[in-house]
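Let me begin by presenting the structure, written as structure tokens, before commenting on it.
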Amino acid sequence: MLQQPELLPEKEVDVLKVAHHGSKTSTSPEWLDYWKPKLALISAGVNNRYGHPSPDILERLEQRQIPVLRTDLLGEVEVQVKNGNISYRSKM
């Protein structure tokens with residue numbers, strides 16, 4: 004989609020659900036730079052055999068100062084966006 008940027012709206016997002024459990028190729032730097040998420044959510048199982056989320060993805064997010072919520076660390080995560088404020092709660 005980023006090969007045809009005219010098809011995408013100019014927009015920032017509050018929460019980005021990182022694709023494919025945070026695999027190495029799931030979320031490109033260009034994608035993050037385009038959408039500028041305020042928060043990233045990664046759904047991955049504890050000690051999964053694929054090593055998700057990838058350290059590369061976590062580093063990409065950290066470089067952009069995007070806070071990350073991970074289900075492998077927090078369990079079930081519920082995110083609420085209200086009046087521009089983001090809150091969450093988690094349950095193992």
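Read left to right, the sequence shown gives residues 4 to 95 (the working numbering). Idealized CB from N, CA, C, for every residue including glycine.
Inter-residue spacing [alpha-carbon to alpha-carbon] between residue i and residue j
{"i": "lysine 39", "j": "valine 16", "result": "6 Å"}
{"i": "serine 31", "j": "proline 58", "result": "13 Å"}
{"i": "aspartate 36", "j": "histidine 23", "result": "19 Å"}
{"i": "arginine 52", "j": "lysine 41", "result": "29 Å"}
{"i": "arginine 63", "j": "serine 29", "result": "11 Å"}
{"i": "lysine 27", "j": "leucine 61", "result": "9 Å"}
{"i": "asparagine 50", "j": "arginine 67", "result": "26 Å"}
{"i": "serine 46", "j": "lysine 94", "result": "14 Å"}
Cβ neighbour criterion (16 or more within 10 Å) applied to residue i
{"i": "proline 56", "result": "buried"}
{"i": "glycine 87", "result": "exposed"}
{"i": "valine 21", "result": "buried"}
{"i": "arginine 73", "result": "buried"}
Minimum C-alpha distance to residue i - residue among the options
{"i": "lysine 75", "options": "Ser90, Lys14, Val18 and Gly25", "result": "For the record, residue 75 in the displayed sequence is aspartate; it is not lysine. Answer by Cα proximity: Gly25."}
{"i": "lysine 14", "options": "Trp34, Ile60 and Gln66", "result": "Trp34"}
Short Cβ contact (8 Å threshold) for residue i with residue j
{"i": "valine 18", "j": "isoleucine 69", "result": "no"}
{"i": "leucine 44", "j": "valine 84", "result": "no"}
Terminal residues of the alpha helix (DSSP H) in which residue i lies
{"i": "glutamate 62", "result": "58 to 66"}
{"i": "tyrosine 37", "result": "32 to 38"}
{"i": "threonine 74", "result": "74 to 77"}
Where the beta strand (DSSP E) through residue i begins and ends
{"i": "isoleucine 89", "result": "88 to 94"}
{"i": "lysine 41", "result": "Where lysine 41 is concerned, there is no enclosing beta strand (DSSP E), given that its DSSP letter is neither H nor E."}
{"i": "lysine 27", "result": "It is not in any beta strand (DSSP E) - lysine 27 carries neither H nor E in the DSSP assignment."}
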